[in-house]
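One structure is given below, encoded as structure tokens.
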Amino acid sequence: MEPIRYFDSIDMIEPKCTGCKSIIHYERDTVFDKKKNILTCVFCGHSV
Numbered sequence: 010m011e012p013i014r015y016f017d018s019i020d021m022i023e024p025k026c027t028g029c030k031s032i033i034h035y036e037r038d039t040v041f042d043k044k045k046n047i048l049t050c051v052f053c054g055h056s057v
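Here it is, written out as structure tokens:
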């Protein structure tokens with residue numbers, strides 16, 4: 010019998026930036042862009 014997997018991928022646990030592929034933490038590693046009204050990655054500036 011196969012064990013139950015609660016998470017299919019690590020991406021669900023640790024979100025990654027789609028631009029630079031860095032593991033980001035929303036509180037620490039994102040900046041809110043008030044002009045565009047989006048969250049951006051502090052490492053590359055890509056929208057999260």
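Here this note's numbering runs 9 ahead of the position in the sequence shown, where the first position is 1.
Each residue gets a CB set at the ideal place from its N, CA and C atoms; glycine is no exception.
Which residues DSSP lists as bridging residue i, in chain order
i, result
"Ile33", "Bridge partners of Ile33: none, in fact."
As assigned by DSSP and simplified to three states, the class of residue i
i, result
"Asp38", "coil"
"Thr49", "strand"
"Lys25", "strand"
Cβ pair residue i, residue j closer than 7 Å
i, j, result
"Cys50", "Ile32", "no"
is_contact[residue i, chain D] using C-beta, thresh 7 Å
i, result
"Lys45", "Among the chains in the structure shown there is no chain D, since it carries only a single protein chain."
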